[in-house]
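Undergrad: Before we start, here is the structure in question, set down as structure tokens.
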Amino acid sequence: MFFASDNWAGAHPNIAAGLSANSGGFSTAYGDGALDQVVYQRFSEIFEREVAVFFVATGTAANSLALTTYNKPGGISFAHRESHVIEDECGAPEYFSGGSRLHAIDGALGKIDPHNLERTIGRFAPEIVHWGRPMAVSITQSTEVGTIYGLNEIETISAIAKQHSVPLHMDGARFANALVALDTTPAEMTWKRGVDVLSFGGTKNGCWCAEAIVLFDLDRARELAFLRKRAAQLFSKSRFVAAQFEAYFKDGLWLETARNANAMAARLAAAIEDSATAKLAWPPQANEVFAVIKKAEAEKLQAAGAAFYDWHKPHGFDGHIGEDELLYRFVTSFATTAEEVDRFGQLIA
15 MFFASDNWAG
25 AHPNIAAGLS
35 ANSGGFSTAY
45 GDGALDQVVY
55 QRFSEIFERE
65 VAVFFVATGT
75 AANSLALTTY
85 NKPGGISFAH
95 RESHVIEDEC
105 GAPEYFSGGS
115 RLHAIDGALG
125 KIDPHNLERT
135 IGRFAPEIVH
145 WGRPMAVSIT
155 QSTEVGTIYG
165 LNEIETISAI
175 AKQHSVPLHM
185 DGARFANALV
195 ALDTTPAEMT
205 WKRGVDVLSF
215 GGTKNGCWCA
225 EAIVLFDLDR
235 ARELAFLRKR
245 AAQLFSKSRF
255 VAAQFEAYFK
265 DGLWLETARN
275 ANAMAARLAA
285 AIEDSATAKL
295 AWPPQANEVF
305 AVIKKAEAEK
315 LQAAGAAFYD
325 WHKPHGFDGH
335 IGEDELLYRF
345 VTSFATTAEE
355 VDRFGQLIA
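Each residue of the sequence shown is one higher than the one before, counting from 15 in the numbering used here.
Right, here's the structure in full:
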């Protein structure tokens, strides 16, 4: 019963097969091979326009370099206070940019409140050198607490960013999970709503190690090429990342794996709602489920083989957590089965 993280899951067999199939022979290095070119074109087809694609090793690298692409002296990027770029990347965005800052924005359950964003970003007049100046806005889709920005919400935040002449970045570590939950298209969830640059994650959704920066703002592509190299993120044998994405996209596998993860999260949430020993903190929208459980009961579940973590109380959560209780996070993946969810449900019934 592995609900600790979708990072715990292995690679989908089709992706492993794709790696194996491309492991022999010779291919041009550093992203210029035939398979690389095929995958770049596939990204453009998926997003319904020409995009620039840069493979990187991790989501942290994708987020950091995406923001650094728009770096400026005194630059400030605005993100939710509980976003991955602020809480979980050890200062990497500031490090790669050489000193830009991240400014936290409040909002309920992982999502930036547009009014808070507008009020906060407006405090930094770009002509006043003492304060610093707006550089970017970053949103996470889906968020760190499993919620999702609706298309209109993305558009609203984008409009605020554009009003202040800064780009909108989307951290899409769980991009596919949000996409299938909204039943929309990649284009509709990104550039058609004003997103300028996307961190496109595949690792959490069945890939072995496949992350990419997708630039809709093609004028920035040349600069990003140099930034990626300087950050030691230019793969020599990039065909092995391309091979993963080729298999990931083939016959809609990436959407199938995300649908399974989301469906298993909904199944898990239903089991928690029916439980006498746990209570659902808020309804899941993607593949993360949060529950309030007595600490002693959680320890019993973990001793019985269930892997999950306790979690901090997010901004905007007004549910009650007793002194003997904690908030816990459960994450489902492409590899999660109904059998293991039901086994967990029996333990908490």
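In this text, a Cβ means the ideal position worked out from N, Cα and C, and glycines have one as well.
Do Phe-92 and Val-143 have their C-beta atoms closer together than 8 Å?
TA: Contact flag unset, no.
Undergrad: Sorted by chain position, which residues of the same chain lie with C-beta nearer than 6 Å to Leu-212's C-beta, five sequence neighbours on each side aside?
TA: Taken in chain order, the residues that qualify are Met-184, Gly-186, Thr-204, Val-228.
Undergrad: Since Phe-304 is in the alpha helix (DSSP H), which residue starts that stretch and which ends it?
TA: First-last for Phe-304: 302-308, but that is the beta strand (DSSP E), not the alpha helix (DSSP H).
Undergrad: Compute the Euclidean distance between the alpha carbons of Glu-367 and Gly-121, then round it to the nearest angstrom.
TA: Any answer about residue 367 is impossible in this case: the structure gives the chain only from 15 up to 363.
Undergrad: Nearest CA to the CA of Asn-301: which residue from Leu-315, Ala-290, Ser-289, Ala-283?
TA: Among Leu-315, Ala-290, Ser-289, Ala-283, the Cα nearest to that of Asn-301 belongs to Ala-283.
Undergrad: Please check the pair Ala-320 and Phe-17, which I expect to be a contact at CB under 8 Å, by giving their CB distance rounded to whole angstroms.
TA: Correct: roughly 7 Å between the Cβ atoms.
Undergrad: Okay, do the region 147-165 and the region 75-86 touch, 3+ Cβ pairs below 8 Å being the bar?
TA: The region 147-165 vs the region 75-86: in contact.
Undergrad: Hey, how far is the Cα of Pro-87 from the Cα of Gly-266?
TA: Distance between the alpha carbons of Pro-87 and Gly-266: 42 Å.
Undergrad: Touch check for the region 306-315 and the region 156-172: three-plus C-beta pairs under 8 Å?
TA: No, the region 306-315 does not touch the region 156-172.
Undergrad: Helix, strand or coil: which one does DSSP assign to Arg-147?
TA: In this structure, Arg-147 counts as strand in the three-state DSSP scheme.
Undergrad: Rounded to a whole number of angstroms, what is the C-alpha to C-alpha distance between Gly-333 and Trp-325?
TA: Going by the C-alpha atoms only, they are around 14 Å apart.
Undergrad: Over the uninterrupted beta strand (DSSP E) stretch that includes Lys-293, give me the two end residues.
TA: Element bounds for Lys-293: 292-296.
Undergrad: Between the region 100-115 and the region 65-79, do at least 3 Cβ pairs fall closer than 8 Å?
TA: Contact holds: three or more Cβ-Cβ distances are below 8 Å.
Undergrad: Report the option in Asp-50, Pro-298, Glu-270 whose CA atom is closest to the CA atom of Ala-349.
TA: Measuring from the Cα of Ala-349, the nearest candidate turns out to be Glu-270.
Undergrad: Assuming Gln-299 contacts Thr-161 under a Cβ cut-off of 8 Å, what Cβ separation, rounded to an integer in Å, is found between them?
TA: About 5 Å separates the two Cβ atoms, so the contact holds.
Undergrad: Do the CB positions of Asn-21 and Lys-218 come within less than 8 Å of each other?
TA: Yes, they are a contact pair.
Undergrad: According to DSSP, simplified to helix, strand and coil, what is Arg-95?
TA: In this structure, Arg-95 counts as coil in the three-state DSSP scheme.
Undergrad: For a test of the three-state rule: what should DSSP assign to Ala-7, helix, strand or coil?
TA: This structure cannot settle anything about residue 7, because the visible part of the chain is limited to 15 through 363.
Undergrad: Are the CB atoms of Ser-41 and Gly-32 within a distance shorter than 8 Å?
TA: It is not a contact, given that the beta carbons lie outside the stated cut-off.
Undergrad: Which residues mark the beginning and the end of the beta strand (DSSP E) in which Ile-119 is found?
TA: Run containing Ile-119: 115-119, per the beta strand (DSSP E) assignment.
Undergrad: Nearest by alpha-carbon distance to Ile-29: which of Tyr-262, Ile-307, Ala-224 is it?
TA: Nearest option by C-alpha distance: Tyr-262.
Undergrad: How many whole angstroms separate the CB atoms of Leu-193 and Ala-279, which I take to be in contact at a CB cut-off of 8 Å?
TA: Not confirmed; about 15 Å, so no contact.
Undergrad: Is there a Cβ from chain C that is less than 8 Å from the Cβ of Ala-195?
TA: Protein chain content of the structure displayed is limited to a single chain, and chain C is not contained in it.
Undergrad: Can you tell me whether Met-15 is helix, strand or coil according to DSSP?
TA: Met-15: coil per DSSP, three-state reduction.
Undergrad: Have a look at Leu-196 and Glu-287 and give me their C-alpha separation to the nearest angstrom.
TA: Between Leu-196 and Glu-287, the C-alpha separation is close to 23 Å.
Undergrad: From Ser-347 to Glu-202, what distance separates their C-alpha atoms?
TA: Roughly 24 Å between the two C-alpha positions.
Undergrad: Identify the residues that DSSP records as bridge partners of Thr-154: which are they?
TA: The partner list for Thr-154 (beta bridge, DSSP) reads Asp-185.
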